[in-house]
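Colleague: Residue numbers (the working numbering): 15 to 220. Positions of the beta carbon are idealized from the N, C-alpha and C atoms, including for glycine. The structure presented is a predicted model; accordingly, all values stated were derived computationally and were not measured.
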Amino acid sequence: MTWQLIVCALALLVAGPARGTPGARQGGSRIDPLPPVPRHLMFVPRDVAERMLDLAQLTRSDVVYDLGCGNGRLSILAAQKYGARSVGVDTDPKRIAEANANAEKARVSNRVRFVRQGAIDLSEATVVTMVIPQSAPWLTGNGGLLQPLLTGRLKAGARIVTNFVAGSMKDWKPDRVDRFLDPRGKPRAILYLWTVPGRAPRPGTE
15 MTWQLIVCAL
25 ALLVAGPARG
35 TPGARQGGSR
45 IDPLPPVPRH
55 LMFVPRDVAE
65 RMLDLAQLTR
75 SDVVYDLGCG
85 NGRLSILAAQ
95 KYGARSVGVD
105 TDPKRIAEAN
115 ANAEKARVSN
125 RVRFVRQGAI
135 DLSEATVVTM
145 VIPQSAPWLT
155 GNGGLLQPLL
165 TGRLKAGARI
175 VTNFVAGSMK
185 DWKPDRVDRF
195 LDPRGKPRAI
205 LYLWTVPGRA
215 PRPGTE
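1. Could you check the C-alpha separation between L81 and D61 for me, to the nearest Å?
2. Looking at the structure shown, is P201 part of a helix, part of a strand, or coil, going by DSSP?
3. Less than 9 Å between the beta carbons of D189 and T176, yes or no?
4. Looking at the structure shown, is D189 part of a helix, part of a strand, or coil, going by DSSP?
5. Express the C-alpha separation of R87 and A6 in angstroms, rounding to a whole number.
6. Out of L207, V141, L164 and F194, which has the shortest C-alpha to C-alpha gap to A93?
7. Beta-carbon separation of V101 and V126 under 9 Å?
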(Lines of atoms letter the chains of each structure in order from A; the text may use other names.)
(Lines give C-alpha, C1' and ligand atoms only; values in the text may rest on other atoms or scores of the structure.)
Protein backbone atom coordinates (compact mmCIF):
# COMPACT_ATOMS: atom_id res chain seq x y z
CA MET A 15 0.00 0.00 0.00
CA THR A 16 1.17 3.54 -0.68
CA TRP A 17 1.18 5.25 2.66
CA GLN A 18 2.10 8.59 1.06
CA LEU A 19 -1.53 8.72 -0.07
CA ILE A 20 -2.71 8.52 3.52
CA VAL A 21 -0.48 11.38 4.61
CA CYS A 22 -1.45 13.51 1.58
CA ALA A 23 -5.14 12.80 2.00
CA LEU A 24 -5.08 13.68 5.68
CA ALA A 25 -3.24 16.90 4.92
CA LEU A 26 -5.93 17.81 2.41
CA LEU A 27 -8.65 17.00 4.89
CA VAL A 28 -7.04 19.36 7.38
CA ALA A 29 -6.79 22.25 4.95
CA GLY A 30 -9.73 21.50 2.70
CA PRO A 31 -13.50 21.27 2.96
CA ALA A 32 -15.32 18.73 5.08
CA ARG A 33 -17.04 15.65 3.74
CA GLY A 34 -19.22 15.86 0.68
CA THR A 35 -16.62 17.62 -1.47
CA PRO A 36 -14.43 14.91 -3.02
CA GLY A 37 -11.47 15.92 -5.15
CA ALA A 38 -10.80 19.19 -3.32
CA ARG A 39 -7.42 20.74 -3.93
CA GLN A 40 -4.75 21.18 -1.33
CA GLY A 41 -4.63 24.96 -1.46
CA GLY A 42 -1.67 26.47 0.33
CA SER A 43 -0.79 23.67 2.73
CA ARG A 44 2.64 22.13 2.28
CA ILE A 45 3.69 18.51 2.59
CA ASP A 46 7.34 17.81 3.33
CA PRO A 47 9.25 15.30 1.18
CA LEU A 48 8.49 11.74 2.23
CA PRO A 49 10.84 8.74 2.54
CA PRO A 50 10.37 5.72 0.26
CA VAL A 51 7.64 3.17 0.97
CA PRO A 52 9.07 0.06 2.69
CA ARG A 53 8.92 -2.74 0.11
CA HIS A 54 7.17 -5.20 2.43
CA LEU A 55 4.29 -2.75 2.88
CA MET A 56 3.78 -1.80 -0.76
CA PHE A 57 1.21 -4.58 -1.19
CA VAL A 58 -0.67 -5.95 1.81
CA PRO A 59 -0.32 -9.76 2.06
CA ARG A 60 -3.53 -11.75 1.56
CA ASP A 61 -3.50 -13.25 5.06
CA VAL A 62 -3.16 -9.80 6.64
CA ALA A 63 -5.91 -8.42 4.38
CA GLU A 64 -8.25 -11.26 5.39
CA ARG A 65 -7.47 -10.72 9.04
CA MET A 66 -8.23 -6.99 8.76
CA LEU A 67 -11.58 -7.62 7.10
CA ASP A 68 -12.47 -10.34 9.60
CA LEU A 69 -11.65 -7.93 12.42
CA ALA A 70 -14.10 -5.44 10.91
CA GLN A 71 -16.76 -8.20 10.76
CA LEU A 72 -17.37 -7.31 7.13
CA THR A 73 -20.77 -8.05 5.56
CA ARG A 74 -22.42 -7.63 2.14
CA SER A 75 -23.99 -4.37 3.28
CA ASP A 76 -20.63 -2.71 3.98
CA VAL A 77 -18.76 -0.17 1.87
CA VAL A 78 -14.99 -0.44 2.36
CA TYR A 79 -12.58 2.42 1.63
CA ASP A 80 -8.98 1.22 1.40
CA LEU A 81 -6.65 4.22 1.68
CA GLY A 82 -3.46 3.45 -0.21
CA CYS A 83 -4.89 0.47 -2.08
CA GLY A 84 -1.74 -0.46 -4.03
CA ASN A 85 -2.53 -3.42 -6.31
CA GLY A 86 -6.09 -3.59 -4.97
CA ARG A 87 -5.78 -6.86 -3.08
CA LEU A 88 -7.73 -5.81 0.01
CA SER A 89 -10.47 -4.05 -1.97
CA ILE A 90 -10.89 -7.05 -4.28
CA LEU A 91 -10.93 -9.49 -1.37
CA ALA A 92 -13.66 -7.45 0.33
CA ALA A 93 -15.87 -7.95 -2.72
CA GLN A 94 -14.80 -11.47 -3.63
CA LYS A 95 -14.95 -13.17 -0.23
CA TYR A 96 -17.38 -11.00 1.72
CA GLY A 97 -19.62 -9.57 -1.02
CA ALA A 98 -19.05 -5.98 0.14
CA ARG A 99 -18.68 -2.96 -2.11
CA SER A 100 -15.25 -1.37 -1.97
CA VAL A 101 -13.38 1.71 -3.11
CA GLY A 102 -9.60 1.60 -3.38
CA VAL A 103 -7.82 4.95 -3.34
CA ASP A 104 -4.26 5.62 -4.45
CA THR A 105 -2.23 8.48 -5.94
CA ASP A 106 -0.11 6.25 -8.21
CA PRO A 107 -1.70 5.80 -11.68
CA LYS A 108 0.29 2.59 -12.24
CA ARG A 109 -1.17 1.05 -9.09
CA ILE A 110 -4.68 2.12 -10.11
CA ALA A 111 -4.25 0.49 -13.54
CA GLU A 112 -2.90 -2.67 -11.92
CA ALA A 113 -5.75 -2.76 -9.41
CA ASN A 114 -8.36 -2.37 -12.15
CA ALA A 115 -6.77 -5.21 -14.12
CA ASN A 116 -6.76 -7.41 -11.02
CA ALA A 117 -10.43 -6.65 -10.37
CA GLU A 118 -11.26 -7.66 -13.95
CA LYS A 119 -9.41 -10.96 -13.52
CA ALA A 120 -11.24 -11.60 -10.25
CA ARG A 121 -14.58 -10.72 -11.91
CA VAL A 122 -15.56 -8.24 -9.21
CA SER A 123 -15.41 -5.00 -11.23
CA ASN A 124 -19.12 -4.50 -10.58
CA ARG A 125 -18.46 -4.21 -6.83
CA VAL A 126 -15.02 -2.56 -6.77
CA ARG A 127 -13.97 0.92 -7.83
CA PHE A 128 -10.45 2.34 -7.86
CA VAL A 129 -9.79 6.07 -7.89
CA ARG A 130 -6.67 8.19 -8.18
CA GLN A 131 -7.43 10.91 -5.71
CA GLY A 132 -5.97 13.02 -2.92
CA ALA A 133 -8.85 14.50 -0.95
CA ILE A 134 -11.35 11.78 -0.09
CA ASP A 135 -15.07 11.89 0.62
CA LEU A 136 -15.65 9.18 3.23
CA SER A 137 -19.35 9.86 3.78
CA GLU A 138 -20.53 6.50 2.39
CA ALA A 139 -17.79 4.41 4.03
CA THR A 140 -18.77 1.92 6.72
CA VAL A 141 -15.24 0.50 6.96
CA VAL A 142 -11.90 2.28 6.42
CA THR A 143 -8.67 0.28 6.14
CA MET A 144 -5.09 1.56 6.27
CA VAL A 145 -1.69 -0.12 6.46
CA ILE A 146 0.87 2.35 7.80
CA PRO A 147 4.62 1.82 8.41
CA GLN A 148 5.90 2.87 11.81
CA SER A 149 8.21 5.39 10.13
CA ALA A 150 5.30 7.38 8.69
CA PRO A 151 5.52 11.06 9.68
CA TRP A 152 2.50 12.77 11.32
CA LEU A 153 0.93 9.46 12.30
CA THR A 154 3.42 8.22 14.86
CA GLY A 155 3.59 11.16 17.26
CA ASN A 156 1.34 12.15 20.12
CA GLY A 157 -0.78 14.65 18.22
CA GLY A 158 -3.68 12.28 17.69
CA LEU A 159 -4.04 13.35 14.05
CA LEU A 160 -6.15 10.47 12.77
CA GLN A 161 -8.86 10.58 15.41
CA PRO A 162 -10.43 14.00 14.69
CA LEU A 163 -10.00 13.68 10.93
CA LEU A 164 -11.65 10.29 10.66
CA THR A 165 -14.38 10.69 13.25
CA GLY A 166 -15.35 14.04 11.73
CA ARG A 167 -15.85 12.51 8.28
CA LEU A 168 -17.21 9.04 9.00
CA LYS A 169 -20.76 8.14 9.94
CA ALA A 170 -21.52 6.85 13.43
CA GLY A 171 -20.82 3.14 13.67
CA ALA A 172 -18.21 3.09 10.90
CA ARG A 173 -15.22 0.88 11.66
CA ILE A 174 -11.55 1.73 11.20
CA VAL A 175 -8.96 -1.04 10.91
CA THR A 176 -5.25 -0.30 10.80
CA ASN A 177 -1.95 -1.85 11.83
CA PHE A 178 -0.61 1.10 13.78
CA VAL A 179 -1.83 3.09 16.75
CA ALA A 180 0.87 4.87 18.81
CA GLY A 181 -0.20 8.49 19.16
CA SER A 182 -2.23 8.57 15.95
CA MET A 183 -5.52 8.07 17.82
CA LYS A 184 -4.47 10.00 20.91
CA ASP A 185 -6.71 8.91 23.83
CA TRP A 186 -9.14 6.92 21.67
CA LYS A 187 -8.64 3.31 22.75
CA PRO A 188 -9.32 0.59 20.17
CA ASP A 189 -12.35 -1.66 20.55
CA ARG A 190 -10.21 -4.68 19.74
CA VAL A 191 -6.53 -5.52 19.30
CA ASP A 192 -5.65 -8.56 17.19
CA ARG A 193 -2.12 -9.90 17.68
CA PHE A 194 -1.75 -11.96 14.54
CA LEU A 195 0.77 -14.85 14.51
CA ASP A 196 2.03 -16.74 11.48
CA PRO A 197 1.80 -20.58 11.27
CA ARG A 198 5.14 -20.86 13.08
CA GLY A 199 3.86 -18.80 15.98
CA LYS A 200 5.92 -15.73 15.14
CA PRO A 201 4.37 -12.22 15.21
CA ARG A 202 2.84 -11.36 11.83
CA ALA A 203 0.98 -8.13 12.54
CA ILE A 204 -0.85 -6.23 15.26
CA LEU A 205 -4.19 -4.94 14.02
CA TYR A 206 -6.49 -2.41 15.68
CA LEU A 207 -10.23 -1.84 15.36
CA TRP A 208 -12.13 1.33 16.30
CA THR A 209 -15.84 2.07 15.97
CA VAL A 210 -16.85 5.69 15.38
CA PRO A 211 -18.97 6.83 18.35
CA GLY A 212 -22.68 7.43 17.98
CA ARG A 213 -24.33 4.06 18.42
CA ALA A 214 -23.86 0.80 20.28
CA PRO A 215 -20.71 -1.17 19.35
CA ARG A 216 -21.03 -4.08 16.96
CA PRO A 217 -21.30 -7.53 18.57
CA GLY A 218 -17.94 -8.88 19.68
CA THR A 219 -16.16 -5.52 19.80
CA GLU A 220 -16.45 -4.91 23.52
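Modeller: The relevant details are as follows:
1. Their Cα atoms are separated by approximately 18 Å.
2. In the structure shown, P201 sits in a strand (DSSP, three-state: E or B).
3. D189 is not a Cβ neighbour of T176, given a cutoff of 9 Å.
4. In this structure, D189 counts as coil in the three-state DSSP scheme.
5. Absent from the model: residue 6. The displayed extent of the chain is 15 to 220, so no value can be given.
6. By alpha-carbon distance to A93, the top candidate from L207, V141, L164 and F194 is V141.
7. Yes.
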